[in-house]
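Undergrad: Residue numbers (UniProt numbering): 1 to 475.
Using N, Cα and C, we set each Cβ at its ideal position, and we do this for glycine too.
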């Protein structure tokens, strides 16, 4: 489903690149706060981890200071490495933070191409990325934090900054939801009832901390977050290949499950409102995935061929997402093409749809639904919410560590009963409800390579990791 691509929208005052927008921002908002950081005051070794004691407040750079720093850094980089020229690649090896962006702006100021490599890739992944990118320079703008570093319990960043607009990936909101559920589960029974009733009625009186809008991507979380934080939540949609933002719901539109307003094609009767794969075209679409000319990777070449297509002279990126336009002209994301599994009797199970419902269970921290086309049912693998699960185990007379509890038949049965009830509340069809569940004691993370860097499921790797348990569910 690809609507007509119109002319490039001149929504940035004629600026055609990011450096020009920074120059204009500095001229317009010079003395205002632009970017801030919290300093690390102390690193405290504790139980194999290193905890951080953070400064109580942020230190801010104004727009003018930010612009001047990026400009000077770019000039210094060009002087320090005379061989660098426009279109050469510079790799920035750092966690996402203020100085990362400063380094990126410095490179763009000089016309360099920015390559990104993160600490979560590990030494082997970093070496591979540096070699593959053919970079001419490596610029670590700050010390890269060890993956084992944890923050000491202190006032959180959001509470200190008190933002008016907060942009969050679905995985971040999922973690917030898990934390809130754990707090609720620890409340006395009578208070749990009152809180649940308040949420159901949309009358929770939580302090929003000044957040007026929260921009996220998981529609299943929208109503819950809006109720708890008393702020408007609007869904945005975009991908790395389309430079992130592609569309976003209007601030005045409180409809859930929709990701932004369509162009004038919504009124074209010949196009209508079909379902299909979402294709995105326009100047924001990347040129493709990097291919090493000296040793081209056949898989990458195939991805470039299959995922980037030209229709009527316009180049599109094939997102792999299934979408539909609503009668109002909004884009609704239905599922991922690869997340649709056809069961033995012909029904289609949308894995991510079921997973979003499983997240509403107090025992679920991170779920993954799995199904075989040769079978008539699906199963669920769940990294449990430890606090509520251990409380459940105690009520069933089960003792031991988390690993032992996850393998106990009584606990597994109780969790299956709970998620089944949640699935029925979520109005899932019978064939969509998992009939068996596997509780996984070790949380999936980017560090153990079972989640991506943005905390999306690596389904193939998770299935391989738990193959023996999955096979037992299908005997």
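(1) Got a sec? Which residues, its chain only, sit under 8 Å from residue 437 by beta carbon, not counting five neighbours each side?
(2) If you count every other CB in all the chains shown that lies within 10 Å of the CB of residue 211, and 16 or more means buried, which is it?
(3) Rounded to a whole number of angstroms, what is the C-alpha to C-alpha distance between residue 229 and residue 278?
(4) Is the shortest distance between the beta-carbon of residue 81 and the beta-carbons of chain B less than 8 Å?
(5) Measuring alpha carbon to alpha carbon, tell me which of 29, 55 and 66 ends up nearest residue 35.
(6) Report buried or exposed for residue 401, applying the criterion of at least 16 other Cβ atoms within 10 angstroms of its Cβ.
(7) Alpha carbons only, please: which of 470, 106 and 475 is nearest the one belonging to residue 77?
(8) If you compare alpha carbons, which of 61, 354, 347 and 71 is closest to residue 18?
(9) Straight-line CA distance for residue 240 to residue 189?
(10) Just to confirm my understanding: we take residue 182, look at its own chain, exclude 5 residues before and 5 after, and list those with CB closer than 7 Å. What are they?
(11) Write down the C-beta distance between residue 473 and residue 441 rounded to the nearest angstrom, noting that I regard them as a contact closer than 8 Å.
(12) Using CA atoms only, rank isn't needed, just tell me which of 127, 307 and 326 is closest to residue 337.
(13) Along the chain, where does the alpha helix (DSSP H) containing residue 457 start, and where does it finish?
(14) By DSSP, does residue 343 sit in helix, in strand, or in coil?
(15) So, is residue 310 buried or exposed, given that buried needs 16 or more other C-beta atoms within 10 angstroms?
(16) Report all residues from its chain with a CB closer than 7 Å to the CB of residue 333; omit the five preceding and five following residues, and keep chain order.
(17) Beta-carbon within less than 8 Å of residue 83's beta-carbon, same chain only, minus the 5 sequence neighbours each way: which residues are those?
(18) Taking the C-alpha atoms as reference points, what is the distance between residue 366 and residue 375?
(19) Going by C-alpha to C-alpha distance, which of 358, 466, 373 and 361 sits closest to residue 444?
(20) Between the alpha carbons of residue 468 and residue 288, how many angstroms are there, rounded?
(21) Residue 353 lies in the alpha helix (DSSP H); which residues open and close that run?
(22) Between which two residues does the beta strand (DSSP E) carrying residue 426 extend?
(23) May I ask you to verify whether the region 454-463 touches the region 159-176, counting CB pairs closer than 8 Å and requiring at least 3?
(24) To test your reading of the DSSP string, which unbroken alpha helix (DSSP H) runs of 4 or more residues are found completely within the region 285-318?
(25) In three-state DSSP terms, what is residue 61?
(26) If contacts are defined as beta-carbon pairs under 8 Å, then residue 26 and residue 64 qualify, I think. What distance do you get, rounded to the angstrom?
(27) Can you tell which of 392, 425, 423 and 422 has its C-alpha closest to the C-alpha of residue 409?
(28) Are residue 119 and residue 95 touching if we call contact CB-CB under 8 Å?
(29) Span of the beta strand (DSSP E) holding residue 378?
(30) Could you check how far apart the C-beta atoms of residue 249 and residue 235 are, in whole angstroms? I think they sit under 8 Å.
(31) Alpha carbon to alpha carbon, what distance is there between residue 102 and residue 38?
(32) What separation, rounded to the nearest whole angstrom, lies between the Cα atoms of residue 303 and residue 193?
(33) In terms of residues, what are the limits of the beta strand (DSSP E) holding residue 113?
(34) When the Cα atoms are used, what is the spatial distance from residue 73 to residue 61?
(35) Check residue 105 in the structure and name its three-state DSSP category.
(36) Hey, could you find the ends of the beta strand (DSSP E) residue 247 is sitting in?
TA: Reading from the atomic positions:
(1) 379, 380, 381, 382, 412, 415, 416 and 419
(2) Any reading at residue 211 must be qualified, since the residue scores a pLDDT of 49, below 50, and its modelled position is unreliable; no value is offered.
(3) 32 Å
(4) Chain labels in this structure do not include chain B; a single protein chain is all it has.
(5) 66
(6) exposed
(7) 106
(8) 71
(9) 44 Å
(10) 385, 387 and 388
(11) Contact flag wrong, Cβ pair sits at about 17 Å.
(12) 307
(13) Where residue 457 is concerned, there is no enclosing alpha helix (DSSP H), given that its DSSP letter is neither H nor E.
(14) coil
(15) exposed
(16) 237, 259, 321 and 323
(17) 136
(18) 24 Å
(19) 466
(20) 37 Å
(21) 351-358
(22) Counting along the chain, residue 426 falls outside any beta strand (DSSP E), and DSSP gives it neither H nor E.
(23) yes
(24) 298-307
(25) strand
(26) 5 Å
(27) 392
(28) yes
(29) 378-384
(30) 5 Å
(31) 16 Å
(32) 51 Å
(33) 113-117
(34) 15 Å
(35) helix
(36) 244-248
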